[in-house]
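One structure below.
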């Protein structure tokens with residue numbers, strides 16, 4: 042399934058757009074079928090209207106020819122009229138009755154003759170009057186005759202001497218119209234009907250007993266273009282009017298047939314939408330799992346690379362420490378064999394002292410990679426600092442690369458860890474060296490920035506920009522976002538990529554940031570944004586303070602060799618040195634020896650740590666100077682702050698003396714404080 046997942050995703054990506062397009066096309070095609078039904082129904086209604094119009098016009102023309110016959114010259118002979126009407130009835134069976142009425146609507150002549158009880162006036166007086174008024178033939182309204190049967194009249198004027206003298210009418214039953222509707226070729230489940238000017242039903246394909254009754258009794262509206270027949274049948278209807286005759290023809294298709302394409306389109310959209318949603322959801326789930334899998338694979342590969350790089354880093358560190366241990370091993374054995382050879386002992390001690398410095402540098406480099414706090418930060422004058430470490434910076438390059446340092450005279454001081462700054466600059470120069478295999482130039486520049494947020498949104502306040510640029514091969518655009526990741530490396534030496542990670546960690550821990558810019562083939566530039574120091578420029582301290590050592594000191598350390606080394610360091614300089622192996626023991630000694638003038642304590646100790654001991658003494662002995670020492674403290678590295686001086690192991694005697702002097706100077710002067718719980722004599 043995992044192997045088939047990319048293929049399924051690719052297939053889904055190809056199918057889903059095609060399915061969406063096919064669905065839309067199908068929907069439009071189905072809707073077009075419905076539009077065709079609309080057009081077909083309207084065409085049928087128009088054709089029926091035309092057929093009826095022609096048929097009725099024919100009836101009017103035939104009757105008009107009869108009206109012009111000399112046989113109807115006034116006065117009309119009844120015998121002559123009856124003979125003429127009989128012959129017409131034989132030729133035109135639809136003319137059920139032929140009548141002549143005068144201007145008042147009285148029936149003068151009729152064939153067949155009227156019954157004695159039949160009324161002598163026309164039933165549809167409105168159409169009779171219209172004929173006389175217009176002087177042309179018309180189709181009358183459908184009415185119920187004296188015999189109770191529906192009929193309509195075809196009326197034409199009998200014009201003599203240019204004036205309508207009478208009206209000739211032919212009475213026709215609605216069955217003639219019904220036959221025309223039924224012969225129109227409509228599907229058997231369709232319906233059609235005709236309504237006159239008074240909205241009465243003239244005829245319908247299936248409307249027994251509804252002729253001449255209001256059309257609403259036969260068919261009622263049920264919406265736009267939708268009606269319902271008397272039997273409950275729902276129809277979609279179209280209507281057409283007859284030209285010259287106030288009749289209307291309606292044709293209806295069953296609503297179920299008309300709505301079928303719409304239902305099919307809706308069903309198609311619904312099914313297609315469900316399929317598309319299922320496919321999209323499946324593709325999304327598979328894509329999510331694919332991304333997770335790829336991410337896990339990348340993370341696994343990155344972890345393997347980290348472990349591999351960490352192994353190489355550990356091996357290098359072990360190699361360096363073994364070299365240092367060899368120096369100490371040789372020195373110890375050489376001193377033991379030739380203790381009286383002062384020159385050799387001095388030389389051995391010198392080598393061991395150099396080894397201590399190198400070991401301290403190695404541990405500081407290792408700690409700088411993981412450092413998250415700015416512990417150890419102090420005010421740094423960049424011009425002095427760079428001049429001091431210039432030999433180290435040049436050593437990080439080679440003879441084919443020149444170093445140009447350009448710092449303005451008014452460059453602000455910064456607050457940062459000097460060791461971290463030194464390592465960061467060396468790492469940047471090393472990175473530049475690897476990018477310039479054929480030689481080149483590295484430039485270190487500095488400038489003041491009044492508001493850091495204008496340069497980078499990640500910082501605020503006054504900043505000092507320290508820019509390290511080179512004219513090497515540059516960095517690929519795709520790698521710029523990853524160069525500060527731990528263990529990321531593009532060099533071919535197999536060395537772990539930790540240099541730029543340390544640079545980023547140092548800048549962040551200092552309260553600033555670092556950014557990189559590069560043009561492939563032109564070079565790269567790294568800009569360190571470090572906060573301006575807010576403290577006044579530090580003054581050189583007098584060496585006399587080192588002689589003002591406390592007479593009695595308490596040393597606290599849970600590691601016996603470290604405790605003994607610290608005691609030996611102060612031996613001969615301090616009158617009395619007391620030792621304790623943990624914080625609890627130190628508190629007991631302080632109770633017994635209240636005249637202790639200073640405490641030097643390790644930080645990492647079981648039960649009561651050095652930090653907790655210092656906090657306790659700040660409450661119980663606020664006037665007692667306390668100095669802390671450590672090889673590593675997770676609290677400090679996590680960003681914790683300590684108001685006491687902190688020495689990093691290993692340290693020199695001068696470092697310890699400076700810390701003691703600093704601790705003593707930071708103790709508040711309580712000589713002028715009056716305790717409120719003690720009554721004072723006035």
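Numbering (this note's numbering), first residue to last: 42 to 723.
By construction, the Cβ of each residue, glycine as well, lies at the ideal position given by its N, Cα and C atoms.
Would you kindly report the start and end of the unbroken beta strand (DSSP E) that includes residue 729? No answer is possible for residue 729: the residues shown for the chain start at 42 and end at 723.
Nearest to residue 514 (by Cα), restricted to the options 328, 474 and 491: 474
If residue 630 and residue 596 are in contact, beta carbons under 8 Å, what's the gap, nearest whole angstrom? Actually they do not touch by this definition, with Cβ atoms about 10 Å apart.
Do you know how far the Cα of residue 206 is from the Cα of residue 227? 43 Å
The alpha helix (DSSP H) that contains residue 286, what's its start and end? Neither: residue 286 is in no alpha helix (DSSP H) and is coded neither H nor E.
Evaluate residue 81 with the Cβ neighbour count: other Cβ atoms within 10 Å of its Cβ, from every protein chain shown; 16 or more gives buried, anything less gives exposed. exposed
Sequence ranges, beta strand (DSSP E) only - wholly within the segment 624-687, length at least 3: 639-643 and 667-671
Beta strand (DSSP E) containing residue 429: first to last residue? Residue 429 -> not in any beta strand (DSSP E); alpha helix (DSSP H) instead, spanning 423-429.
If you draw a straight line from the C-alpha of residue 503 to the C-alpha of residue 653, how long is it? Using only the alpha carbons, I get a separation of about 35 Å.
When you compare only the Cα positions, how much space is there between residue 435 and residue 509? 13 Å
Which word fits residue 635, buried or exposed, when buried means at least 16 other C-beta atoms lie within 10 angstroms of its C-beta? exposed
Taking C-alpha atoms, which residue in 506, 159, 137 and 703 lies nearest to residue 147? 159
Output needed for residue 284: all residues of its chain with C-beta closer than 7 Å, excluding positions within five of it in sequence on either side, in chain order. 94
Who are the near neighbours of residue 583 in its chain, counting only those whose CB is closer than 8 Å to its CB and skipping five residues on each side? Note that residue 583 has pLDDT 44, beneath the 50 cutoff, so the model's placement of it is unreliable and the number below is only indicative. Hits under 8 Å: none found.
So within the segment 437-496, which uninterrupted beta strand (DSSP E) runs reach at least 3 residues, ignoring any that extend past its ends? 442-447, 455-457 and 481-490
Pull up the CB-CB distance for residue 571 and residue 546, whole angstroms please, since I reckon it's below 8 Å. About 13 Å separates the two Cβ atoms, so there is no contact after all.
Any idea what DSSP makes of residue 140, helix, strand or coil? Residue 140 falls in the strand class under three-state DSSP.
Is the segment 76-90 in contact with the segment 308-320, if contact means three or more CB pairs nearer than 8 Å? no
Output the distance between the C-alpha atoms of residue 696 and residue 687, rounded to the nearest integer angstrom. Cα to Cα, the separation comes out at about 10 Å.
Buried or exposed for residue 396, please, with buried defined as at least 16 other CB atoms from any protein chain shown within 10 angstroms of its CB. buried
Rank 494, 59, 128 and 556 by C-alpha distance to the C-alpha of residue 507 and give the top, closest one. 556
Flag this pair as yes or no: are the beta carbons of residue 181 and residue 193 separated by less than 7 Å? yes
Does the beta-carbon distance from residue 277 to residue 294 come in below 7 Å? yes
Using the C-alpha atoms, what's the distance from residue 266 back to residue 76? 13 Å
In whole angstroms, give me the CA-to-CA distance for residue 715 and residue 488. Summary for residue 715: the model assigns pLDDT 48, below 50, so the residue's position carries little reliability; its value from the coordinates is reported in the next sentence. Taking the straight line joining both Cα atoms gives about 51 Å.
What three-state label does DSSP hand residue 57 in the structure shown? Residue state, collapsed to three classes: helix.
Residue 268: CB within 6 Å of a non-hydrogen atom of the ligand SAH: In the structure shown, the ligand SAH is absent, as is every other ligand, since no ligand is present at all.
Compare the C-beta of residue 314 against all C-beta atoms of chain C and say whether one is closer than 7 Å. The structure shown has no chain C; it contains just one protein chain.
Pairwise C-alpha distance: residue 490 and residue 404: 34 Å
For the segment 287-352, list the beta strand (DSSP E) runs that are entirely contained and at least 3 residues long, ordered along the chain. The DSSP assignment places complete beta strand (DSSP E) segments of no fewer than 3 residues inside the segment 287-352 at 289-295, in order along the chain.
Let's see if you can read the secondary structure: which residues bound the alpha helix (DSSP H) around residue 608? 601-611
How many Å lie between residue 57 and residue 264 at the Cα? Between the alpha carbons of residue 57 and residue 264 lies a gap of roughly 38 Å.
DSSP state of residue 379 mapped onto helix, strand, coil: Here residue 379 sits in coil by DSSP.
Jot down the residue ranges of each uninterrupted alpha helix (DSSP H) in the segment 79-142, minimum 4 residues, whole runs only, in chain order. Every unbroken stretch of the alpha helix (DSSP H) spanning 4 or more residues and falling wholly within the segment 79-142 is given here in chain order: 119-132.
Rounded to a whole number of angstroms, what is the C-alpha to C-alpha distance between residue 339 and residue 67? 44 Å
Please report the distance separating the alpha-carbon of residue 155 from that of residue 73. 58 Å
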